[in-house]
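Residue numbers (the numbering used here), protein chains in the order written: chain A, 9 to 321; chain B, 231 to 889; chain C, 11 to 345.
All residues carry an ideal CB built from backbone N, CA and C; glycine is no exception.
What you are looking at is a predicted structure, and each value in this text was computed from that prediction instead of being measured.
Remarks on the structure that follows.
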Amino acid sequence: MTRLVIRRLLLAIPLVFAVSFITFVLVALTPGNPAVDLLGTSAGKAAYAAVDRQLGFDHSIWVQYWHWLEHAVQGNLGVSLLNQESVVTELAQRLPVTLALVIGATLVAAIGGVALGTLSATHGGIAGRSTDVFAMLGFAIPTFWLGIVLVDLFAVHGHLLPATGWVPLGQSLWGWIKSLLLPVVTLAAGGITAVTKQTRDAMREALSREFIDALRADGVPEWRVVYIHALRNAAIPILTLLGTIFVGLLGGAVIVEQVFTLPGLGSLAVSATQAHDLPVVEGIAVYFALGVVAVNLVVDLLYGWVNPKVRLT
Amino acid sequence: MSTVVSPDVIERATPPSAPPVTPRFLRRLIRRPSAAISLGVLALIVLAAIFAPLVAPDSPNYADLAHPLAGPTLAHPLGTDQLGRDLLSRLIYGARPAIVETLEVVGTTLVLGLPIGLMSGFIGGWFDRMVMQVIDIGMAIPAMVVILIVLSVFSNDFDIAMIALGILLVPPFVRNIRGAVVAVRGELFVDAARVAGLSPPRIVFRHVLPRVSGPVLVQATLLSAISVLFTSGLGYLGFGVQPPNPSWGTMVGNAQQVINESSWPLVAAGGIVGITVLCLGLLGDAIRDVSVESWTGPVARSRRHSVALAAPLDRELAPREPNADALLSVRGLRVAFPRQGRSVLVAQDVDFDIYPGEAVGLIGESGCGKTSVARAVIRLLRGGGEVVGGRIVVGGRDVLALDANELRRFRGGEVGYISQEPQISLDPTFKVGALLREAIKCHSDMSRAAARARAVELLELVRLPEAKHVLALYPHELSGGMAQRVALARALAGRPRLLIADEPTTALDVTLQSEILGLLRSLQQETGMALLLVSHDCWVISELCQRVLVMYAGQVVEQAPVDALFDRPAHPYSERLLLSDPGSVTDDAQPLPTIPGTVPAPEDWPSGCHFRERCDHASAACAAAPIPLAELPGGRESRCIFAHDLYDGHSTPSGCSTR
Amino acid sequence: MSTAPALLEVHDLEVTYRAHRRELAAVRGVSLSIAAGETVGLVGESGSGKTTIARAILGLVAVRSGSISLAGRDLAGARGADRRELSKIVQVVFQDPYSSLNPALKIGATLAEPLRALHGKSAGEARQRSRDLLERVGIDAAAVDRYPASFSGGQRQRVAIARALMPSPELVLCDEAVSALDLSVQASVLNLLRSLQREFNLGYLFIGHDLDVVRYMSSRIVVLYRGRVMEHGLADAVARRPCHPYTQALVAAKPGRGKRSAAVSVTPPAGSDVSTPAIGCPFEPRCRYAIERCASETPELQATGDGGAAACHRLGDIPALPAALQTPPRRAKSA
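Below, the structure written as structure tokens:
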């Protein structure tokens with residue numbers, strides 16, 4: 009088991025490298041002068057030079073990357089070009105928001121999706137057809153549109169939940185939950201349909217296997233056959249899916265945070281992008297990459313628990 | 231999924247190997263309503279976008295400030311936005327960037343991904359391994375963030391962002407295509423092509439590429455859908471086409487601003503995106519369904535099938551009463567399966583008895599219905615099969631009348647069952663010990679320790695050495711022979727009085743087969759249980775069974791003690807079957823005796839005797855009416871009107887050919 | 011032994027494969043020869059290496075050492091165009107009738123393709139030959155325009171046989187060609203194979219796991235176990251009077267009336283190495299006659315009385331199989 013953990017952590021390194029290196033390559037390809045972008049065309053030469061130095065553009069790309077790496081490993085991701093604050097500090101403030109949002113959405117998608125998918129797989133016919141429709145709709149409806157509609161219904165007209173804004177956990181538990189409810193549901197909407205469909209397919213496939221018949225032939229009660237045996241065998245593709253969904257949810261979080269004006273990493277990414285605040289955007293990219301690594305690790309561990317073949321190799 | 235760019239969507243989309251996209255395929259596709267409508271709507275959108283100046287009622291940026299946020303009217307079919315601009319026109323013009331962007335994304339992915347996927351799947355080796363590693367990393371990169379980075383760097387060039395998105399979608403695409411290629415490559419006809427001397431490029435183009443064109447199409451539709459969602463999301467965030475020019479995403483953003491005054495713009499803008507993506511998704515599903523159908527025939531619709539029989543309706547033979555002395559008594563059993571909306575009989579008028587402690591064999595070739603009969607006894611028919619007639623009585627109880635709870639106890643407790651492939655009949659995620667304990671606990675109330683002891687006992691019963699060690703193993707760690715013994719142990723956990731073994735040794739090597747047969751015999755002796763052994767191999771049955779039933783085309787055609795059957799078969803089919811085995815040949819120089827013709831499918835069973843079209847002795851009487859089982863001396867039965875003649879060795883009447 | 015020149019000569023073949031980062035042997039030290047018009051049977055259970063040998067002869071797997079020569083030309087070193095030339099001499103009929111024909115192509119296309127690509131025949135010529143061969147194997151010539159899906163397993167095997175005959179080969183490998191067929195269908199396909207052999211003077215390497223079927227088809231038999239030859243000789247001798255303990259076990263294991271099979275397992279449990287050991291007899295762990303020498307020294311093939319040979323250190327000590335374990339005559343009456 010420890011071998012699995014170590015192997016997964018080792019694989020994490022190329023990922024973080026890849027993400028950060030892609031960023032750097034893109035930066036190196038920047039057309040025009042970022043200093044001009046930032047300061048406008050009428051600043052003095054000294055000002056441009058200062059920005060260049062600040063951005064590290066006075067060195068070669070490799071040196072720049074090396075510097076960045078050096079700092080990153082020590083926990084320093086540079087400073088924001090806009091407000092000169094440490095990137096790490098800024099991100100740390102916003103991390104809990106995005107974490108709560110994405111993890112919440114993943115859990116909702118996972119639990120809801122598995123429940124619906126299992127229901128659909130065991131009750132064929134109408135349930136199957138409605139699951140298909142449900143899945144297709146969830147796929148087709150744009151997240152941002154759904155968010156706006158929900159806000160309109162529940163916040164603006166219904167006055168049940170806040171339309172925008174974020175209440176930190178420390179301040180009020182109930183307020184925190186209320187401010188998270190709509191965003192999590194919106195974000196989870198796309199994911200839940202995918203999980204439902206995958207669960208249904210995986211359960212159907214598991215239930216069609218020979219060992220299911222063998223279990224029934226030996227007199228094992230039906231509930232055990234479905235919820236213990238079939239589900240465990242269906243778990244592997246579902247877990248894989250959850251891992252990839254998480255990656256997608258990170259992207260979706262960017263949109264959702266915009267719709268609901270949540271002060272998370274996503275909305276920061278958008279504003280930083282519009283302001284060309286590269287260190288911040290790069291920092292967020294690294295955080296996201298680390299998040300993906302962590303989730304993949306959890307998924308791998310769960311694999312090992314569910315699938316003995318994986319565990320032993 | 232909306233803007234959640236989940237690579238899984240692309241991955242799960244298609245079955246691994248699909249037939250090529252041919253004109254025939256396309257015709258099948260159009261016939262499906264979902265595909266036809268989707269294609270129609272998409273074509274409409276594309277055409278409208280291309281001919282926008284002609285089709286749109288207004289210029290998209292013309293602001294009719296006098297009528298802001300108007301509802302649908304003749305002048306403005308979809309109403310106006312807050313600046314009085316016609317929504318329909320804006321939607322139509324907004325389709326243009328959507329289409330262009332989608333083409334950029336999907337084009338990039340296909341151009342890069344298809345060659346890589348083809349090569350990776352076909353060549354394999356280190357190239358494939360490297361590609362898979364890159365894919366793993368690629369799928370973990372959060373696409374949205376990278377696109378934002380690209381946008382922050384190349385703020386004036388949205389096209390580069392689109393190409394970047396296309397590149398980011400390559401990993402899941404390649405993974406799927408590669409999977410399809412690997413599946414095709416593994417098929418024997420590719421080997422045959424190599425043996426035939428065809429060069430690899432030719433094989434790839436002629437044989438592999440057509441087979442993956444289906445998956446490629448499905449993926450293309452999904453990529454398009456994801457692209458539309460993603461780019462409209464970016465538009466919503468303010469990237470891409472800049473105001474005042476319309477894009478679907480920015481229109482949603484504008485609509486959000488006036489949500490309190492009018493929700494119509496929101497519906498219109500969101501609606502177009504939703505409809506486009508919906509059509510693409512439905513199209514992809516339809517392509518996938520048609521691909522699968524081309525393999526397996528139309529996907530069975532689960533409507534209630536009419537019980538109209540496909541074969542000509544024989545007058546039913548009068549059913550006989552079940553035998554009260556027998557452990558298992560089957561009378562007039564009929565089993566049917568739904569095929570293409572109709573109910574088709576696969577077993578008809580099956581009668582037999584099994585007495586306590588007896589070993590009875592059921593011989594037949596594929597398609598004769600023997601497996602359906604065996605599974606019907608424990609009501610474990612697959613694929614919608616049902617018992618549509620007859621009675622099954624075990625120990626005085628009517629099996630067909632048992633409720634769910636009684637049935638559960640009956641299975642494994644009265645009648646046990648093992649099937650052909652041992653390794654797949656055990657849940658791979660459970661240890662052997664857990665599987666055994668579960669079976670034990672289903673049939674008795676035991677503590678965990680007692681159950682464990684009983685599990686060891688069972689393993690010893692099936693002659694597995696080192697029982698304690700085996701308990702801790704997983705099914706994939708067992709050899710074929712061991713797995714079959716474990717399956718046997720589980721079937722015996724409830725102490726059944728009858729064991730049904732359906733081709734238990736077919737998947738095993740002959741030396742292993744011999745051991746399992748010996749084991750079944752000693753189990754019978756030790757536990758006194760009866761055995762119903764189903765097999766296509768006459769010699770397996772001849773070794774183990776005292777009585778034999780021969781099935782052909784859904785019917786029992788002969789029933790006899792084993793020596794009697796092998797020495798002197800009393801039905802033309804049994805006779806020809808035994809003769810066609812190379813093991814019974816005495817003169818090698820002669821060709822093997824064969825049976826002319828082929829086994830009729832259940833839909834095509836002849837009236838009267840099912841074997842008559844292939845039989846030397848057939849006469850008009852054979853077609854007239856259903857043939858009953860005739861009794862012969864020695865406790866034998868035969869479903870042949872000439873049975874007595876055959877049995878006594880006389881030549882047949884009516885001048886038909888003799889042996 | 012046939013005095014005709016050898017069509018296929020395999021000498022001291024060794025084939026390895028990679029698994030778990032190690033190189034394991036699938037076949038070691040296997041030699042056999044087939045003369046023109048002769049059928050040699052290759053018998054073995056799963057893991058015996060028989061399919062590997064077939065694939066090596068067909069050029070589908072690489073050969074570690076040893077030689078394979080076909081009509082005097084060395085196969086093992088052949089590449090590219092040379093390989094394709096050899097496809098005119100040796101062809102194959104596979105076991106699975108369902109995946110050995112490309113389901114997406116019409117039968118005519120599958121049959122004609124190699125002829126057109128390799129032998130430069132025109133479309134018309136190839137089509138005519140396809141029709142002729144289909145008729146010869148008992149399939150209606152109109153099948154050229156149909157897809158494999160509309161044919162049964164037995165019919166598809168016939169098509170596969172026709173495909174193998176298209177380039178007029180001299181040697182055909184039948185790799186479990188009838189194992190997936192029902193008994194009555196199997197009989198007709200075997201008859202077909204024999205009549206084709208007589209008509210075209212084909213050599214067959216007939217691979218199977220059923221000793222009775224292989225004996226019926228072959229003039230000589232080679233028995234394999236885990237990659238090594240255990241015994242070879244005339245078909246009747248090997249199948250009816252086996253000398254090697256493994257061959258005897260095979261014959262004894264074939265079920266039949268009155269036989270009493272062993273209930274005790276002599277099979278080593280899973281996880282044990284399935285590759286061919288470099289030293290020693292591979293059957294040693296299961297052999298009741300095994301002595302120490304069997305594990306430490308690889309037995310050489312020694313002549314048996316019957317014109318064949320067996321690889322066993324204790325050949326002289328092995329008693330003949332008792333009549334009760336022999337394959338008994340099946341019918342009291344003759345057909």
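Self-check item: Pairwise C-alpha distance: GLN743(B) and ASP732(B)
Solution: The residue given as residue 732(B) occupies position 502 in the second sequence. The residue given as residue 743(B) occupies position 513 in the second sequence. Their Cα atoms are separated by approximately 13 Å.
Quiz item: Is any beta-carbon of chain B found at less than 9 Å from that of VAL159(A)?
Solution: Start at 1 with the first residue of the first sequence, and residue 159(A) comes out as number 151. So, interface residue.
Quiz prompt | Contact set for VAL507(B): own chain, Cβ-Cβ below 7 Å, skip 5 residues either direction | solution = Position 277 of the second sequence, counting from 1, holds the residue named residue 507(B). Once the five neighbours on either side are set aside, the close Cβ partners of VAL507(B) are ALA455, VAL458, LEU459.
Practice problem: Using a Cβ cut-off of 8 Å, pull out every chain B residue sitting near PHE162(A), in sequence order please. | Solution: For the purposes of this step, residue 162(A) is taken as residue 154 along the first sequence, with counting starting at 1. Around PHE162(A), no beta-carbon contact reaches into chain B at under 8 Å, the shortest distance being about 13 Å.
Practice problem: Can you tell me the Cβ-Cβ gap for LEU512(B) and SER268(B), rounded? I've got them flagged as a contact below 8 Å. | Solution: Mapped onto the second sequence, residue 512(B) falls at position 282. Mapped onto the second sequence, residue 268(B) falls at position 38. Correct: roughly 5 Å between the Cβ atoms.
Quiz item: Shortest alpha-carbon distance to SER837(B) belongs to which of ILE517(B), CYS845(B), ILE857(B)?
Solution: Position 607 of the second sequence, counting from 1, holds the residue named residue 837(B). Of the candidates ILE517(B), CYS845(B), ILE857(B), the one whose C-alpha sits nearest the C-alpha of SER837(B) is ILE857(B).
Quiz item: Is the CB of CYS845(B) under 9 Å away from at least one CB in chain C?
Solution: In the second sequence, the residue the question calls residue 845(B) occupies position 615. So, not an interface residue.
Practice problem: Go ahead and pull the three-state DSSP assignment for PHE216(C). | Solution: If you number the third sequence from 1, residue 216(C) lands on position 206. Looking at PHE216(C) - three-state DSSP - the assignment turns out to be strand.
Quiz item: Does the count of Cβ pairs from the stretch 195 to 205 of chain C and the stretch 220 to 239 of chain C closer than 8 Å reach three?
Solution: Look at the beta carbons and you see the stretch 195 to 205 of chain C touching the stretch 220 to 239 of chain C: at least three pairs across the two are nearer than 8 Å.
Practice problem: Give a yes or no on whether the minimum CB-CB distance between PHE104(C) and chain B is below 9 Å. | Solution: In the third sequence, counting from the first residue as 1, residue 104(C) sits at position 94. True, the Cβ-Cβ gap to chain B drops below 9 Å.
Self-check item: ARG545(B) versus ALA855(B): straight-line alpha-carbon distance, rounded
Solution: To locate residue 545(B), count along the second sequence from 1; it is residue 315. To locate residue 855(B), count along the second sequence from 1; it is residue 625. Legend: pLDDT at ARG545(B) = 47, less than 50; position of this residue unreliable, no value from coordinates given.
Quiz item: For the beta strand (DSSP E) that PRO568(B) lies in, which residues bound it at each end?
Solution: For the purposes of this step, residue 568(B) is taken as residue 338 along the second sequence, with counting starting at 1. Run containing PRO568(B): 558 to 569, per the beta strand (DSSP E) assignment.
Quiz item: Is GLU707(B) near the ligand ZN, going by C-beta to nearest heavy atom under 8 Å?
Solution: In the structure shown, the ligand ZN is absent, as is every other ligand, since no ligand is present at all.
Self-check item: Per-residue contacts from THR659(B) into chain A (C-beta, under 7 Å)
Solution: Here residue 659(B) refers to the residue found at position 429 of the second sequence. Going along chain A in sequence order, the residues near THR659(B) (Cβ under 7 Å) are ARG240, ASN241, VAL314, ASN315, PRO316.
Practice problem: Jot down the residue ranges of each uninterrupted beta strand (DSSP E) in the stretch 459 to 502 of chain B, minimum 3 residues, whole runs only, in chain order. | Solution: Counting whole runs of 3 or more residues, the stretch 459 to 502 of chain B contains no beta strand (DSSP E) stretch at all.
Practice problem: Mind checking which residues open and close the beta strand (DSSP E) that includes GLN101(C)? | Solution: The count along the third sequence starts at 1 and reaches residue 101(C) at position 91. DSSP places GLN101(C) in the uninterrupted beta strand (DSSP E) bounded by 100 to 103.
Practice problem: Tell me whether ILE379(B) is buried or exposed, calling it buried when 16 or more other Cβ atoms sit within 10 Å of its Cβ. | Solution: If you number the second sequence from 1, residue 379(B) lands on position 149. Around the CB of ILE379(B), 16 or more other CB atoms lie within 10 Å, so the residue is classed as buried.
Quiz item: Between which two residues does the beta strand (DSSP E) harbouring PRO791(B) extend?
Solution: The residue given as residue 791(B) occupies position 561 in the second sequence. Residues 785 to 791.
Quiz item: Can you tell me the Cα-Cα spacing of VAL20(C) and ASP817(B), whole angstroms?
Solution: Residue numbering aside, residue 20(C) sits at position 10 when the third sequence is read from its first letter. Residue numbering aside, residue 817(B) sits at position 587 when the second sequence is read from its first letter. VAL20(C) and ASP817(B) have their C-alpha atoms some 31 Å from each other.
Quiz item: Distance, Cα to Cα, ILE292(A) vs LEU447(B)?
Solution: Start at 1 with the first residue of the first sequence, and residue 292(A) comes out as number 284. Start at 1 with the first residue of the second sequence, and residue 447(B) comes out as number 217. Rounded to whole angstroms, ILE292(A) to LEU447(B) spans 35 Å at the Cα level.
Quiz item: With a CB to CB cut of under 6 Å and the five nearest residues on each side skipped, what residues in its chain are close to ASP294(B)?
Solution: Residue mapping note: residue 294(B) aligns to position 64 of the second sequence, counting from 1. Within its own chain, the residues whose Cβ lies closer than 6 Å to the Cβ of ASP294(B), once the five positions on either side in sequence are excluded, are GLY314, listed in chain order.
Self-check item: Buried or exposed by the 16-neighbour rule on C-beta atoms within 10 Å, applied to ASN635(B)
Solution: Working through the second sequence from its first residue, we reach residue 635(B) at position 405. When all chains shown are included, ASN635(B) counts as exposed.
Exercise. Taking C-beta pairs closer than 8 Å, name the residues in chain B that ALA192(C) reaches, listed in chain order.
Key: Your numbering for residue 192(C) matches position 182 in the third sequence. As written in the sequence, residue 192(C) is Asp, which differs from the Ala given in the question. Going along chain B in sequence order, the residues near ASP192(C) (Cβ under 8 Å) are GLU595, SER596, HIS766, VAL829.
Quiz item: Counting only beta-carbon atoms, is ARG612(B) nearer than 9 Å to chain A?
Solution: Stepping through the second sequence from its first residue, residue 612(B) is reached at position 382. Flagged as an interface residue toward chain A: ARG612(B), by a C-beta distance shorter than 9 Å.
Exercise. Identify, in the order they occur along the chain, each residue of the same chain with its Cβ nearer than 8 Å to the Cβ of GLY626(B), setting aside the five sequence neighbours on each side.
Key: The residue you call residue 626(B) lines up with position 396 of the second sequence. Correct list, in chain order: ALA554.
Quiz item: Interface residues of chain B around LYS116(C) at Cβ under 8 Å?
Solution: By 1-based counting over the third sequence, the position of residue 116(C) is 106. Within 8 Å Cβ-Cβ: nothing; LYS116(C) doesn't reach chain B, min ~11 Å.
Exercise. Would you tell me roughly how many angstroms separate the C-alpha atoms of SER350(B) and PHE403(B), rounded to the nearest one?
Key: What you label residue 350(B) is simply residue 120 of the second sequence in a count that begins at 1. What you label residue 403(B) is simply residue 173 of the second sequence in a count that begins at 1. Going by the C-alpha atoms only, they are around 12 Å apart.
Quiz item: What does ARG667(B) reach in chain A if we use C-beta pairs closer than 9 Å?
Solution: As a first step, residue 667(B) must be located in the second sequence, where it is residue number 437. From the beta-carbon of ARG667(B), no residue of chain A is found nearer than 9 Å; the closest lies around 11 Å away.
Quiz item: Where does TYR292(B) fall in DSSP's three states?
Solution: By one-based count along the second sequence, residue 292(B) stands at place 62. In the structure shown, TYR292(B) sits in coil (DSSP, three-state: anything other than H, G, I, E or B).
Self-check item: Member of ALA66(C), LYS60(C), GLY326(C), ARG32(C) whose CA lies at the smallest distance from the CA of VAL233(C)
Solution: Translated into positions along the third sequence, residue 233(C) becomes position 223. Taking only the C-alpha atoms, the option nearest VAL233(C) is LYS60(C).
Quiz prompt | Alpha-carbon spacing of GLN714(B) relative to SER285(C), whole angstroms | solution = Here residue 714(B) is taken as the residue at index 484 of the second sequence, counted from 1. Here residue 285(C) is taken as the residue at index 275 of the third sequence, counted from 1. Spanning the two alpha carbons is a distance of roughly 23 Å.
Quiz item: Where ALA238(A) and PRO652(B) are concerned, what is the direct C-alpha to C-alpha distance, given to the nearest angstrom?
Solution: As a working note, residue 238(A) is residue 230 in the first sequence. As a working note, residue 652(B) is residue 422 in the second sequence. One C-alpha to the other measures close to 18 Å.
Exercise. Kindly confirm or deny that the stretch 166 to 174 of chain C and the stretch 94 to 109 of chain C touch, where touching means at least three C-beta pairs closer than 8 Å.
Key: Segments in contact, yes.
Exercise. Going by CA-CA distance only, name the one from GLY354(B), CYS672(B), MET712(B) that's closest to GLU690(B).
Key: The residue given as residue 690(B) occupies position 460 in the second sequence. Distance check between GLU690(B) and each of GLY354(B), CYS672(B), MET712(B) places MET712(B) closest, using alpha-carbon atoms only.
Practice problem: With 8 Å as the limit, tell me which residues of the stretch 618 to 638 of chain B have their beta carbon closer than that to any beta carbon of chain A; keep them in chain order. | Solution: Those would be ALA634, ARG638, in chain order.
Quiz item: Hey, how far is the Cα of PRO22(A) from the Cα of PHE29(A)?
Solution: In the first sequence, residue 22(A) corresponds to position 14, counting from 1. In the first sequence, residue 29(A) corresponds to position 21, counting from 1. Cα atoms of PRO22(A) and PHE29(A): separation of roughly 10 Å, rounded to the nearest angstrom.
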